[in-house]
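Take 538 as the starting number for the sequence shown in the working numbering and just add one per residue.
Below: the structure, in structure tokens.
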Amino acid sequence: MLFRFDFILSYWIFAWYILYITKFVSYSPKLIIIFGIIENAITLIIMLLHGSNSKTILYFVIINIVIKGIPFYTVRNDTIRSRDIFATICVILIYLLWVKINGQSVIQYYKKIIYSLIHNKRDTIGIYILTQIEKYINKITNLKQIV
């Protein structure tokens, strides 16, 4: 079962970043990206302590470099203004409201995600996509070996 991407704050952060760099919004996502990186570092530590396999950890790191590392690098020189702090608070509140309206608990949902990551289930959309890409590459590689 894939987790709904709209219940994962990281994808909201990445969407905000895309809107920011394309100039649809003028509020810098730098602060929320920093929060996301801290949360991902904690998740990575949990994964390491609970023995997630190296492929799941690698996929997790790749995804987070793409959706948080690169975005942070591009906004690293932004000054965090009070309006950006306000926007960050608003996005988090809207996110929490969205999850609640849809009958979920953020804490319970994240517990499920962490359980999935430490048990190598690959139920998050990013890890699922990378798994599918790997399967596709393996099929192509196997076909080349046959021919």
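Quick reminder that beta carbons are idealized off the backbone N, C-alpha and C, glycines included.
Predicted model only: the values in this text are computed from it and were never measured.
- request: Pull up the distance between the alpha-carbon of Asn590 and that of Ala552, whole angstroms please.
  value: Locating residue 590 in the sequence shown gives position 53, where the first residue counts as 1. Locating residue 552 in the sequence shown gives position 15, where the first residue counts as 1. When the Cα atoms are used, Asn590 and Ala552 turn out to be separated by approximately 29 Å.
task: Answer yes or no: the CB of Gln682 versus the heavy atoms of the ligand PLP, is any distance below 7 Å?
output: Within the structure as shown, the ligand PLP is missing, as the structure has no ligands at all.
query: Mapping DSSP to helix, strand and coil, what is Arg613?
result: Within the sequence shown, the letter at position 76 stands for residue 613. Correct three-state label for Arg613: coil.
message: Tell me the residue span of the alpha helix (DSSP H) that contains Leu556.
response: In the sequence shown, counting from the first residue as 1, residue 556 sits at position 19. Note, Leu556: alpha helix (DSSP H), 546–558.
- prompt: Count the other CB atoms within 10 Å of the CB of Phe597; is the residue buried (16 or more) or exposed (fewer)?
  reply: Looking up residue 597 in the sequence shown gives position 60. Counting Cβ neighbours within 10 Å, Phe597 comes out buried, since at least 16 surround it.
- request: May I ask you to report which of helix, strand or coil DSSP gives Gly573?
  value: Residue 573 sits at position 36 when you count from the first residue of the sequence shown. Helix.
message: Measuring alpha carbon to alpha carbon, tell me which residue in Asp660, Thr625, Ile631 is nearest Tyr557.
response: Here residue 557 refers to the residue found at position 20 of the sequence shown. Among Asp660, Thr625, Ile631, the Cα nearest to that of Tyr557 is on Thr625.
message: On a Cα-Cα basis, can you pick out the residue from Thr559, Leu595, Phe572, Ile571 that is closest to Leu667?
response: Translated into positions along the sequence shown, residue 667 becomes position 130. Leu667 has its Cα closest to that of Leu595, out of Thr559, Leu595, Phe572, Ile571.
task: Determine the contact status of Tyr548 and Phe540, defining contact as a CB-CB distance below 8 Å.
output: As a position in the sequence shown, residue 548 is number 11, starting the count at 1. As a position in the sequence shown, residue 540 is number 3, starting the count at 1. Going by C-beta atoms, Tyr548 is not nearer than 8 Å to Phe540.
- prompt: Smallest Cα separation from Ile600: which of Ser642, Ile574, Lys567?
  reply: Here the question's residue 600 lines up with position 63 in the sequence shown. Scanning Ser642, Ile574, Lys567 for the CA closest to the CA of Ile600 turns up Ile574.
- prompt: Is Tyr564 helix, strand or coil by DSSP?
  reply: Here residue 564 corresponds to residue number 27 of the sequence shown, with the count starting at 1. DSSP places Tyr564 in coil when its eight states are reduced to three.
query: Does DSSP put Thr661 in a helix, in a strand, or in coil?
result: As a first step, residue 661 is located in the sequence shown; it is residue number 124 there, counting from the start. In the structure shown, Thr661 sits in coil (DSSP, three-state: anything other than H, G, I, E or B).
- request: Reducing DSSP to helix, strand and coil, say where Gln669 ends up.
  value: Taking the first residue of the sequence shown as 1, we reach residue 669 at position 132. In the structure shown, Gln669 sits in a helix (DSSP, three-state: H, G or I).
query: Of the choices His587, Lys605, Glu576, Glu671, whose alpha-carbon is the least far from that of Ile644?
result: Along the sequence shown, one-based indexing puts residue 644 at 107. Nearest option by C-alpha distance: Glu576.
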